[in-house]
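Asker: Pasting a structure below so you can have a look.
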Amino acid sequence: MLLTTISSNFADCMSNELKETIKVRALSVSFVVLALAIFKPFGLDSWQWQTYAHLLSIGVLGFCVCMITDVILKYLVGMPRSLKRGASYIIKRNLWFQVINTPLIALMICLYRHFVFSDSIESNRLSWSNFFGTLFIIAFCSFAIGLYWRFKYRSRYLAAELEETRLLNEQLQRLQNKAEQHPVPAKAILASEVGEENQSQNDIAQLPSEIILKGNTSDSVKLPISNLLYVEAVGNYVKVCQVCNGKVHTDMLRATLKQIENDLSNYPMIVRCHRAFLVNLRQVEQIISKAGTMQLLIKHSHEYLPVSRSNMAGVKQAIANHNDRQGAGDEVAYA
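For the sequence shown, my numbering gives the first residue as 20, with consecutive numbering after it.
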């Protein structure tokens with residue numbers, strides 16, 4: 020029964036995706052056919068009712084070429100239709116579609132002109148001049164159509180992105196509330212020793228609530244892990260930003276961000292959000308998404324940390340994984 024339901028839902032999704040593709044391609048081809056009907060190039064004004072039969076034939080062939088281009092993009096270029104990969108992906112795929120589809124459509128029309136029109140109109144015979152002339156007309160139409168679909172799908176993606184951000188903020192708030200309900204006794208330990216201790220205990224709940232971060236010199240920073248706001252790479256140093264007695268305090272350590280990231284790798288709520296930043300997700304007040312980019316508003320300091328595209332998935336996954344662990348009954352109170 021369950022397998023039948025899953026198969027049915029999968030079929031529905033596939034059906035909806037196919038319907039959407041057919042709808043988009045049919046509207047795009049209709050626009051080109053309408054333009055040809057208005058301006059009547061290629062000697063189309065020489066016929067009467069036959070003109071509309073030729074336009075219909077060109078429309079059907081054009082639709083087939085568009086579907087072939089979609090297959091080429093999906094299987095050869097590796098760019099399937101997807102609203103989940105961001106506005107930049109949608110725009111990039113749209114450009115690739117135009118680059119491949121426009122010359123194919125132009126070639127199809129040239130062949131149609133050669134085999135169907137050339138008996139009546141000699142100038143329709145296949146030639147480079149006819150191909151480039153047709154290519155110019157189709158490129159202009161493709162540009163206009165591309166602008167329309169680009170803005171349409173960008174708007175749809177941004178709406179979906181806002182909804183995803185809202186859900187992420189809900190998850191973030193939920194895990195922060197749960198973490199605050201399960202405090203653990205303070206126990207200071209060198210951050211570099213956390214991994215060894217964790218291996219012997221094999222239990223995340225036993226991770227120390229206080230750590231000591233050491234740099235390449237004798238300097239060190241001792242802090243409760245829950246008070247850590249973020250760590251920023253600044254040249255040959257890292258800036259450790261924490262909240263202490265309600266005030267933001269920063270320390271500089273001569274170390275690399277990779278060093279600190281390795282030392283804190285056993286704390287799942289501390290993740291890299293950018294090549295220059297590690298962030299404590301428990302100290303994120305809000306996730307802000309804008310035009311395909313993401314920023315993290317930090318508590319207390321009210322600073323905005325950028326989230327790079329390459330690290331966006333990791334931040335989302337850390338929030339989701341932590342919620343799953345807490346939902347399964349893990350009582351965790353680390354950063």
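All C-beta atoms in this analysis are idealised placements derived from N, C-alpha and C, irrespective of residue type, glycine included.
Remember, it's a predicted structure, so these values are computed and weren't measured experimentally.
Gln-117 and Gly-165: beta carbons closer than 8 angstroms?
Answerer: Contact: yes.
Asker: For Cys-263, list the residues DSSP reports as bridge partners.
Answerer: Note: Cys-263 sits in a beta bridge opposite Lys-266.
Asker: Determine, using beta-carbon pairs with one atom in the region 327-337 and one in the region 274-283, whether at least three such pairs fall under 8 angstroms.
Answerer: Flag = no, the region 327-337 and the region 274-283 do not touch.
Asker: Which of the three DSSP states is assigned to Ile-140 in this structure?
Answerer: Residue state, collapsed to three classes: coil.
Asker: Taking Lys-277 as part of the alpha helix (DSSP H), name the residues at either end of that continuous run.
Answerer: Looking at the DSSP string, the run of the alpha helix (DSSP H) that includes Lys-277 is 276-282.
Asker: Between Val-257 and Asn-246, how many whole angstroms is the CB-CB distance? I'm expecting something under 8 angstroms.
Answerer: With 8 angstroms as the limit, Val-257 and Asn-246 do not qualify as a contact, their Cβ atoms being about 16 angstroms apart.
Asker: Return yes when the Cβ of Phe-136 is within less than 8 angstroms of the Cβ of Phe-61, no when it is not.
Answerer: Going by C-beta atoms, Phe-61 is nearer than 8 angstroms to Phe-136.
Asker: May I ask you to list the residues that DSSP assigns as paired with Tyr-323?
Answerer: According to DSSP, Tyr-323 bridges with Leu-316.
Asker: For my contact list, Asn-120 and Thr-88 are in at a C-beta cut-off of 8 angstroms; report their separation, rounded to the angstrom.
Answerer: Asn-120 to Thr-88, Cβ: 4 angstroms. Contact.
Asker: Could you check which residue in Ile-57, Leu-300, Arg-328 has the C-alpha nearest to that of Arg-193?
Answerer: Closest by alpha carbon: Leu-300.
Asker: Where does Thr-379 land, buried or exposed, given buried means 16+ other C-beta within 10 angstroms?
Answerer: Outside the shown range of the chain (20 to 354) lies residue 379, about which nothing can therefore be said.
Asker: For the beta strand (DSSP E) that contains Ile-230, what are its first and last residues?
Answerer: Its beta strand (DSSP E) spans residues 229-233.
Asker: Are Leu-80 and Met-127 close, meaning C-beta to C-beta below 8 angstroms?
Answerer: Result yes, Cβ atoms of Leu-80 and Met-127 sit closer than 8 angstroms.
Asker: Do Ile-109 and Ile-157 count as a contact pair if the criterion is CB distance below 8 angstroms?
Answerer: No, they are not a contact pair.
Asker: Considering only the beta carbon of each residue, do Leu-242 and Cys-260 sit closer than 8 angstroms?
Answerer: For Leu-242 and Cys-260, no; Cβs fall outside 8 angstroms.
Asker: Exposed or buried, which one is Lys-93 when buried takes at least 16 other CB atoms within 10 Å?
Answerer: Result: exposed.
Asker: Please name the residue in His-319, Asn-330, Glu-322 whose C-alpha comes closest to that of Thr-312.
Answerer: Out of His-319, Asn-330, Glu-322, Asn-330 has the C-alpha closest to the C-alpha of Thr-312.
Asker: State the Cα-Cα distance for the pair Ser-284 and Pro-99, rounded to the nearest angstrom.
Answerer: Going from the Cα of Ser-284 to the Cα of Pro-99 covers about 35 angstroms.
Asker: Under three-state DSSP, which class holds Lys-335?
Answerer: The answer is helix: DSSP assigns Lys-335 an H, G or I state.
Asker: Are the Cβ atoms of Leu-316 and Ile-307 separated by less than 8 angstroms?
Answerer: Contact flag set, yes.
Asker: For Asp-222, which three-state DSSP category applies?
Answerer: The predicted model places Asp-222 with a pLDDT of 48, which falls under 50 and marks its position as unreliable, so this point remains unresolved.
Asker: For Ala-252, write down the residues that DSSP places opposite it in a beta bridge.
Answerer: DSSP lists Val-257 as partners of Ala-252.
Asker: Run the CB neighbour count on Cys-83, radius 10 Å, all protein chains shown included, and call it buried at 16 or more, exposed below.
Answerer: Exposed.
Asker: When burial is assigned at 16 or more other CB atoms within 10 Å of the CB, is Ile-244 buried or exposed?
Answerer: With 16 or more other Cβ atoms within 10 Å, it is buried.
Asker: For Gln-67, does the count of other Cβ atoms within 10 angstroms reach 16, so buried, or fall short, so exposed?
Answerer: Classification of Gln-67: exposed, given that the 10 Å Cβ count is below 16.
Asker: With a Cβ-Cβ cutoff of 8 angstroms, do Gln-366 and Ile-338 count as a contact?
Answerer: Residue 366 lies beyond the stretch modelled for the chain, which goes from 20 to 354, so this question has no answer here.
Asker: Span of the beta strand (DSSP E) holding Ser-308?
Answerer: Element bounds for Ser-308: 303-309.
Asker: Can you tell me which residues form a DSSP beta bridge with Ile-289?
Answerer: DSSP lists Asn-299 as partners of Ile-289.
Asker: Distance check for Glu-304 and Lys-318, CA to CA, integer angstroms please.
Answerer: So the alpha carbons of these two residues sit roughly 5 angstroms apart.
Asker: Pop quiz: Val-326 and Cys-292 are said to be a contact at Cβ under 8 angstroms. What is the actual Cβ separation, rounded to whole angstroms?
Answerer: With 8 angstroms as the limit, Val-326 and Cys-292 qualify as a contact, their Cβ atoms being about 5 angstroms apart.
Asker: If we call anything under 8 angstroms between Cβ atoms a contact, is Val-240 one with Asp-270?
Answerer: A contact, by the Cβ cut-off of 8 angstroms.
Asker: What does DSSP give as the partner residue(s) for Ser-239 in the beta ladder?
Answerer: Looking at the DSSP assignment, Ser-239 forms a beta bridge with Lys-233.
Asker: Does the distance from the CB of Glu-251 to the CB of Ala-179 come in under 8 angstroms?
Answerer: No. Outside cutoff.
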